[in-house]
Each structure stands twice: as C-alpha cells, then as structure tokens.
C-alpha cells in the first residue's frame with residue numbers, strides 16, 4: 052500500500068524571545084519515496100488561541116532519485132508570543148505528483164529552540180493522529196492516558212516542570228493531570244487549536260519531589276513536559292514528550308517462562 056501524504060506532525064511553538072528551527076530529514080524522506088520522481092508540498096500552519104496566525108507553503112522536487120529543489124526543507128520562526136502566550140506548529144507534507152510513499156509516518160527528527168540569552172534545547176514532534184498506542188488505549192480502556200516518569204521539583208534549586216497540553220483538534224478538550232503518589236488531581240479545559248501550560252510546582256506541596264505524572268482525558272492531547280526555572284518559566288532547560296500508558300506486564304508469567312525455556316532447550320538440542 053502506498054500513501055500520498057505524511058500524517059501531520061505537531062511541535063510546540065517557540066516561547067517569547069526564542070527562535071524555532073526545523074530541518075526536515077530529507078535523506079530519510081527520500082528513502083520512503085516510490086520511484087525516481089516526485090513533487091511534495093510542505094504546509095506549515097501556526098496556531099495560537101484557536102486562530103491560524105501564519106501559513107507557509109513550499110514545493111520540494113525529487114528527480115532522477117535526487118532532490119533538485121529543497122527550498123522549504125528548512126523553516127525558521129521567531130516567536131511573536133507574549134510571555135504568557137503559547138502557540139504550536141503543524142507540519143503537513145503531501146505528495147502532489149509521484150507514485151507515493153511507503154509509509155504515512157514521517158521519519159522522526161528533532162527541532163531546535165534557540166535563544167541568545169538562555170539555554171538552547173531540542174525537542175521532537177508528535178503525530179497529530181494515528182498513534183497505534185493511543186488507538187489501542189481507546190479500544191481497551193475507553194480513555195486516553197499519557198505519562199512522564201521523571202518530573203523533578205526542587206524549590207531550593209529553582210527547578211520546576213510544567214505539563215504543556217496542545218489541543219490541535221476542532222473541539223475543546225477536558226484533561227486531568229494526576230499525581231497518584233501525592234493524591235493530587237487537577238482538571239484543565241483546553242480550547243480547540245490552543246495550548247495550555249500547567250505549572251506542576253503549584254500542585255506539589257513539597258520542597259523536593261521526583262515522580263510520575265499522568266495526563267488523561269476522553270480525547271487525546273499532545274503533551275510535553277517542560278523543565279524550567281520556578282522564578283522564570285521562560286528559562287527552559289528541556290522539553291520532553293510524554294509516552295502513552297501501555298499497561299503491559301512488568302514481569303514474565305510462569306507459563307510463558309517455562310514455554311520459552313523449553314523452546315530454547317529444544318533449539319539447542321536440534322542445533
């Protein structure tokens with residue numbers, strides 16, 4: 052089966068005073084193209100507070116198994132957000148001519164967030180839809196759960212984390228942030244095509260704490276965990292994606308262990 056598109060990728064936009072740099076993985080995209088010739092359209096949409104604030108469109112050309120037009124493979128965006136504003140960037144690639152792609156999932160890559168006065172950092176994108184883990188969650192549990200295992204709060208060291216929820220869909224969503232160890236729970240409503248940041252320091256009444264945080268909802272959100280200064284949340288150290296809760300076994304059942312052991316013994320005997 053061939054595809055004429057990649058599923059859109061979502062990135063958090065740059066915060067106030069920061070530049071966003073995106074370089075598409077052209078060599079790996081090349082490996083997904085069927086045939087020796089193709090023309091791709093790259094569309095980047097920037098949304099803030101439910102509104103489309105910027106669109107950039109470019110054409111990439113692939114001829115005789117080589118790229119002949121690469122303008123648009125790189126994208127630079129200087130933040131126009133105020134200190135308490137957040138936006139997100141949706142990148143979509145369509146094949147307007149050619150046989151197709153071997154996959155609908157764009158090869159993974161990192162983007163840069165650059166600031167002249169603060170730390171630079173990288174982050175990865177998230178699929179807007181089509182994540183197999185999320186699909187399995189909804190089928191199995193009827194709701195969506197993402198988590199991050201290493202949130203660290205240290206008030207003396209001026210270290211905090213925030214949960215950043217991107218809602219890139221057409222309906223507003225209600226989400227819950229849960230810290231089971233502390234029996235803490237907070238509900239958040241994020242409007243359509245908008246971003247909300249929830250400072251976990253305000254949920255945690257401990258001077259120092261490390262642990263797991265979950266975000267749940269009846270619909271999915273795109274989640275990042277932002278490590279930053281308590282005094283100035285624009286001083287960001289890292290921006291990490293969350294992971295779907297998998298509810299998989301953390302041990303090997305006895306019957307499975309015995310079966311695997313018998314299989315290895317039989318294999319060794321026959322070899």
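Numbering (my numbering), first residue to last: 52 to 322. Beta carbons are placed, not taken as given, at the ideal position from N, Cα and C, and that holds for glycine.
- Under the three-state reduction of DSSP output, residue 186 falls in the helix class.
- About 6 Å separates the beta carbon of residue 58 from that of residue 179, a gap short enough to meet the 8 Å contact definition.
- Residue environment: residue 293 is assigned as buried (16 or more neighbouring CB atoms within 10 Å of its CB, all protein chains considered).
- One Cα belongs to residue 73, the other to residue 128, and the distance between them is close to 9 Å.
- Here residue 243 has 101, 218, 220, 221, 222 and 223 as same chain residues with Cβ atoms under 7 Å from its own Cβ, once five neighbours each way along the sequence are excluded.
- Assigned with DSSP and collapsed to three states, residue 106 falls in strand.
- Contact between residue 279 and residue 162 fails: their C-beta atoms lie close to 18 Å from each other, not under 8 Å.
- Bounds of any beta strand (DSSP E) do not take in residue 81; it lies within the alpha helix (DSSP H) bounded by 77 to 83.
- As computed with DSSP, residue 148 is found in a beta bridge with 90.
- The residues 151, 152 and 155, in chain order, have a CB closer than 6 Å to that of residue 54 in the same chain once the five nearest residues on each side in sequence are set aside.
- Closest by C-alpha distance to residue 238, out of 216, 232, 98 and 256, is 216.
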